[in-house]
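For reference, the structure is listed below as structure tokens.
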């Protein structure tokens, strides 16, 4: 794996068609700091602009956690009140939005603790693959903080209102990987020893498919989850047209007739 950029707490790596972003604060179970959020848009832009990268995977360093929430050690200085929270939300929101608008498949590879902000990051991804040791929860009610409605809306779109209320009302942090699978919070559960291999293979499978088709499908799902009067149908029409006008479409049809695997270029 070739490392292309690092900070102390966030890593960016590229490995063939796969880009990896690693939350790298294992001594704090990869709790996300403000500095990590500040760096995120830069890393996402790098991966988005690299045509060699077809799929991006988020993961946590070490053995204990994917992301165990926000870095609470920063709360006293940077989230003291509503005004501070607004600034923190601006920074973290920019990082989260960059992930949400990445036009490539985004996968969360989850092991250990996926708590609070970790859940928020995971549901920003298109797919979530969890190890059987993963533990989930949103303990906002134990801290007395208000959970932003945008995150609540995204969570509800995945697991529905009843499970959303259960996560928030109980503030439990011991929902298992199988609980998460039952809720619809994760797509797959695999043994922890197999997690990286399985996730990498899954990403490689996606990377062999036509990038323009994946981009169109991802945008369609995003738009169709919106109320009808807020959907950008012109965007979706343009993305579909791009597929049919592409060299990849010609290659896909030719490869199918020749009974071989297509070699897509993303154009």
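Numbering (the numbering used here), first residue to last: 8 to 274. Here a beta-carbon is modelled for each residue, glycine too, at the ideal position from N, C-alpha and C. Just so it is clear, the structure is predicted and the values come from calculations on it, not from any experiment.
Integer-rounded CB distance, given that residue 63 should sit under 8 Å from residue 23: At roughly 13 Å, the Cβ-Cβ gap does not stay under 8 Å, so residue 23 and residue 63 are not in contact.
Look at the Cβ atom of residue 150, then the Cβ atom of residue 166, and state whether they are nearer than 9 Å. no
Is there a C-beta anywhere in chain B that falls below 9 Å from the one on residue 96? Absent from the structure: chain B. Only one protein chain is present.
So, at 7 Å on beta carbons, what are the nonlocal neighbours of residue 33 in its own chain, with the 5 sequence-adjacent residues on each side left out? 68, 69 and 71
If I measure Cβ to Cβ from residue 108 and keep anything under 7 Å in the same chain, skipping five residues before and after, which residues do I get? none
Rounded to whole angstroms, what's the CA-CA distance from residue 8 to residue 127? Just pull it up for me. Its pLDDT being 49, under 50, residue 8 is placed unreliably by the model, and the measurement read from it follows with that caveat. Using only the alpha carbons, I get a separation of about 27 Å.
Give, in chain order, every unbroken run of the beta strand (DSSP E) that is at least 3 residues long and sits entirely within the stretch 9–80. 9–13, 17–22, 25–30, 62–67 and 72–74
Nearest-angstrom Cα distance between residue 37 and residue 122? 10 Å
Output the distance between the C-alpha atoms of residue 158 and residue 264, rounded to the nearest integer angstrom. 45 Å
Whose CA, out of 171, 154 and 66, lies closest to the CA of residue 190? 171
Applying the 10 Å Cβ sphere with the 16-neighbour rule, what's the burial state of residue 251? exposed
Short check: CB of residue 178 to CB of residue 145, under 9 Å? yes
Counterpart residues of residue 144 in DSSP-defined beta bridges: 122
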